[in-house]
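In my numbering, the protein residues as written are 11 to 401. Single-structure report; data block below.
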């Protein structure tokens, strides 16, 4: 089969890469030792700090988001210390597993993974730590495996109510540059992020933003480390910032992506993501009327503006739907991962995305639902149009 046109990537990541970013990256290597390139790197890190709403420092790594996870752990948690992890989905669990692999003790808070974190359970676990062995509370802001947003502010309130000194460390990989996130105002001590979602870049760059409390801990604490060590990355030269050769083309792309976000304005970026998310949710709500499709997240207020997870009746195979959309119509949706493998279909709606793209993706999904005889309420795309028209 010959398919014309351009495919759509409606994954929860990586997301669509704008032409401007691709063009910015499509250039030969340069001498990364020049003052001009060092200033380019510094400008990117400064702008990332502004995106995070922090006066702290931002450290960049030639690594995936998992690298940023490890960087946060080894700089902030020492031998014999513990972390507290609400198990909100595959990525929260993965972060906990990484901590255990590093020899860190993990206290897990089980959840049903269909609602947002219960701060009361977090506060109870903190109060139970009478010896104050827990160094960090690790929380995922948007858990893409479930499509749920977990607000860090109630977690900061739980820490304060328990009088616990643990650092609040937040995974913002699927929220930075897409939905509101104010690191300093919300009391977040450290934040990890990646390049391939709201920042509209390919995978390969990750970041950690560290506030004053986190920086102080890292100066004298943490695990043995070298590449991940923040203390060796405070120089002004680009090779010092990256502890070696920087990923030159990715830096050029990052500069372009940050410029695009600045041109649109962060409030407008957030408003666009909310608007498109409402359209997706309107379509899913319409399809759900037949009883075979539903929202994985049972709390409407906690549904993320960057990804929506659909659940299905037991007799329906979401992977068949995904394959139909991808192979016949060129639209890629995410599948279930971790404990939800084979059970969910995830619609990513973050990054470089507009109304035409989201309506096209929803139209293809509606077509696949009809062609595969999945029971669904009619008028999903029309409901999305009405949501967009309402503003």
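No residue lacks a Cβ here, since even glycine has one placed at the ideal position from N, Cα and C.
Should residue i go down as buried or exposed, given a rule of 16 or more other Cβ atoms within 10 Å for buried?
i: residue 184; result: buried
i: residue 121; result: buried
i: residue 353; result: buried
i: residue 321; result: buried
i: residue 44; result: exposed
i: residue 396; result: exposed
i: residue 134; result: exposed
i: residue 208; result: buried
i: residue 390; result: buried
i: residue 274; result: exposed
i: residue 301; result: exposed
i: residue 13; result: exposed
i: residue 23; result: buried
i: residue 309; result: exposed
i: residue 16; result: exposed
i: residue 129; result: buried
i: residue 91; result: buried
i: residue 39; result: exposed
i: residue 318; result: buried
Assuming the contact rule is C-beta atoms closer than 8 Å, residue i and residue j should be a hit. Round their C-beta distance to whole Å, please.
i: residue 358; j: residue 21; result: 5 Å
i: residue 335; j: residue 124; result: About 24 Å; that fails the 8 Å criterion.
i: residue 206; j: residue 25; result: 7 Å
i: residue 48; j: residue 255; result: That belief does not hold up - the Cβ atoms of residue 48 and residue 255 are roughly 13 Å apart, past 8 Å.
i: residue 170; j: residue 126; result: Their Cβ separation, rounded to whole angstroms, is 19 Å, which puts residue 170 and residue 126 out of contact at 8 Å.
i: residue 27; j: residue 364; result: Wrong, their Cβ atoms sit about 14 Å apart, outside the cutoff.
i: residue 280; j: residue 190; result: 6 Å
i: residue 225; j: residue 260; result: Between residue 260 and residue 225 the Cβ distance is about 25 Å, and since that is not below 8 Å, they are no contact.
i: residue 292; j: residue 341; result: Going by Cβ atoms, the distance from residue 292 to residue 341 rounds to 19 Å, so no, they are not a contact pair.
i: residue 146; j: residue 198; result: Contact flag wrong, Cβ pair sits at about 11 Å.
i: residue 55; j: residue 265; result: Incorrect: roughly 11 Å between the Cβ atoms, too far for contact.
i: residue 248; j: residue 101; result: Actually they do not touch by this definition, with Cβ atoms about 30 Å apart.
i: residue 113; j: residue 150; result: Rounded, the Cβ-Cβ distance is 22 Å, inconsistent with contact.
Got a sec, what are the start and stop residues for the beta strand (DSSP E) residue i sits in?
i: residue 322; result: 317–322
i: residue 219; result: 216–220
i: residue 253; result: Careful: residue 253 lies outside any beta strand (DSSP E) and carries neither H nor E.
i: residue 181; result: 177–181
i: residue 31; result: Careful: residue 31 lies outside any beta strand (DSSP E), inside the alpha helix (DSSP H) at 29–35.
i: residue 342; result: 341–345
i: residue 21; result: Here residue 21 belongs to no beta strand (DSSP E), and DSSP marks it neither H nor E.
i: residue 350; result: It is not in any beta strand (DSSP E) - residue 350 carries neither H nor E in the DSSP assignment.
i: residue 305; result: 303–305
Look up residue i in the DSSP assignment and say whether it is helix, strand or coil.
i: residue 97; result: strand
i: residue 209; result: coil
i: residue 237; result: coil
i: residue 146; result: strand
i: residue 357; result: strand
i: residue 204; result: strand
i: residue 153; result: strand
i: residue 193; result: coil
i: residue 108; result: helix
i: residue 67; result: strand
i: residue 58; result: helix
i: residue 47; result: helix
i: residue 336; result: helix
i: residue 223; result: helix
i: residue 290; result: helix
i: residue 14; result: coil
i: residue 330; result: helix
i: residue 282; result: helix
i: residue 229; result: helix
Could you give the residue range of the alpha helix (DSSP H) that holds residue i?
i: residue 81; result: 75–86
i: residue 132; result: 129–138
i: residue 262; result: 258–274
i: residue 368; result: 365–381
i: residue 390; result: 390–399
i: residue 118; result: Residue 118 -> not in any alpha helix (DSSP H); beta strand (DSSP E) instead, spanning 115–120.
i: residue 186; result: No alpha helix (DSSP H) holds residue 186; DSSP gives it neither H nor E.
i: residue 162; result: 162–172
Does the ligand GTP have even one heavy atom less than 6 Å from the beta-carbon of residue i?
i: residue 129; result: Although the ligand GTP was asked about, the structure shown includes no ligands whatsoever.
Inter-stretch contact at 8 Å, needing at least 3 Cβ pairs: the segment 19–34 / the segment 265–279: yes
Is the segment 222–241 touching the segment 97–110, taking contact as three or more C-beta pairs under 8 Å? no
Under 8 Å, with one C-beta from each stretch per pair, do the segment 219–227 and the segment 64–72 reach the 3-pair mark? yes
Give a yes or no on contact between the segment 192–205 and the segment 280–298, applying the rule of three or more CB pairs nearer than 8 Å. no
For the 8 Å Cβ check, are there 3 or more pairs between the segment 340–356 and the segment 145–158? yes
Between the segment 178–198 and the segment 371–382, can you find at least three pairs of beta-carbon atoms closer than 8 Å? Contact between the segment 371–382 and the segment 178–198 is not established, with fewer than three Cβ pairs separated by less than 8 Å.
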